[in-house]
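Down below is the structure, laid out as structure tokens.
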Ligand SMILES: Cc1ncc(COP(=O)(O)O)c(C=O)c1O
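In the working numbering, the protein residues as written are 48 to 464.
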């Protein structure tokens, strides 16, 4: 459920008519509903209320300070994958002891920053990374809390680009090698083994792959116990999918029930989850304005948002529903919804029934909250768009539209003298 709905044929976000915001901030813009963000965070978090757990929101999915701050206020932690995301999480008020650091390529500088910040744990993905972390921690005279990321070789049945738990993917350690790396970690002076982690992919639409992987991870934890290594945290990553089109993903409660059943076999562990998409995906829309329409072999609706603003359709062939902001009895036409970028791959929807549109109409691209703004770029030297949040009958800009000056900030013409 989300808080975007028509009232008297005008799309509203909570109590605010979308055209009113467009008038105030211009287009395009991302529009977040704080009621939906809150509802989705709590649905996920409360599904695990009866067991020790920590919900670490995956910052990569949506990294605006206002969004992170909202979740921090609800008791959430953060799953980060870079020093930049750590900086954001801390600036948003996330408690360092609720931050887990994932990713295959942490640099020594990033490790140092995270150690000095006092994060909960590093999800380490290779033996070389472990050695690098040991060296950085030794240099600082501290112990680095570590979980090793296991690659369980489970097929998440999702898009190849967002599948991470197969043996052929770059992520984690093969289970067969992981026990040896744990023994290695145990012997390191500045490493403290605290957990096991796993993340098999994103936009999963069934619980079966989660169940298969948690069973493998729990069997692995038992093996570790046999080796005299006990862990406090079991981090199962994120990945629960949402409905963009016809998908029928499990509800958080169903996902939680499946994990909890398996967890009964790993008593004493605190569960960590790293949901991103399921919380923010349907909590935002991208509002764009029709510039032109043109027809030849096909119909095209040219809008002011492009693949640099929302990359998912071009990158993954992803589906985002498109609605008119004002219903005025317009019919539908099969068309491509395209942006101003000089690439044929620049589309938001292709060969889809779309609202019959004319120049100046506003369109809403739905389910844009996850991997939307956070994946946007300045390609074609386009300033990144504004982000706006609604709460009840109020709205505020939570990220200003970039200016032309911001496009060249930091650039310099060399003087070669
Ligand atoms: C390590 C890790 N945790 C959590 C997530 C969040 O995934 P999702 O947005 O599908 O919940 C990702 C995304 O790929 C990830 O790589």
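The beta-carbon is built from N, C-alpha and C at its ideal position, and this holds for glycine as well.
Run of the alpha helix (DSSP H) containing residue i, from where it starts to where it stops
i	result
residue 310	299-310
residue 93	81-93
residue 157	155-164
residue 178	174-187
residue 270	255-273
residue 233	222-233
residue 70	65-72
residue 113	112-120
residue 431	Here residue 431 belongs to no alpha helix (DSSP H), and DSSP marks it neither H nor E.
residue 325	324-327
Distance CB(residue i)-CB(residue j) smaller than 8 Å
i	j	result
residue 56	residue 83	no
residue 282	residue 170	yes
residue 161	residue 187	no
residue 105	residue 285	yes
residue 218	residue 327	no
residue 329	residue 423	no
residue 377	residue 403	yes
residue 165	residue 135	no
residue 316	residue 280	yes
residue 254	residue 291	no
residue 348	residue 382	yes
residue 313	residue 247	no
residue 319	residue 72	no
residue 222	residue 267	yes
residue 394	residue 428	no
residue 311	residue 236	no
Heavy atom of ligand 1 within 7 Å of residue i beta-carbon
i	result
residue 340	no
residue 217	no
residue 153	no
residue 175	no
residue 135	no
residue 388	no
residue 71	no
residue 145	no
residue 197	no
residue 298	no
residue 107	yes
residue 117	no
residue 211	yes
residue 246	yes
residue 249	yes
residue 322	yes
residue 349	no
residue 325	yes
residue 124	no
residue 187	no
residue 236	no
residue 417	yes
residue 370	no
residue 149	yes
residue 131	no
residue 271	no
Local Cβ density within 10 Å of residue i, reported as buried at 16 or more and exposed below that
i	result
residue 389	exposed
residue 48	exposed
residue 353	buried
residue 208	exposed
residue 425	exposed
residue 364	exposed
residue 79	buried
residue 157	buried
residue 341	exposed
residue 102	buried
residue 298	exposed
residue 339	exposed
residue 198	buried
residue 277	exposed
Residue interval of the beta strand (DSSP E) (run including residue i)
i	result
residue 342	331-342
residue 239	238-244
residue 349	346-350
residue 418	No beta strand (DSSP E) holds residue 418; DSSP gives it neither H nor E.
residue 443	441-446
residue 214	Segment: none, residue 214 is in no beta strand (DSSP E) and carries neither H nor E.
residue 53	51-54
residue 382	379-385
Closer than 8 Å to chain C by CB, residue i
i	result
residue 191	The chain inventory of the structure shown lacks chain C, comprising one protein chain alone.
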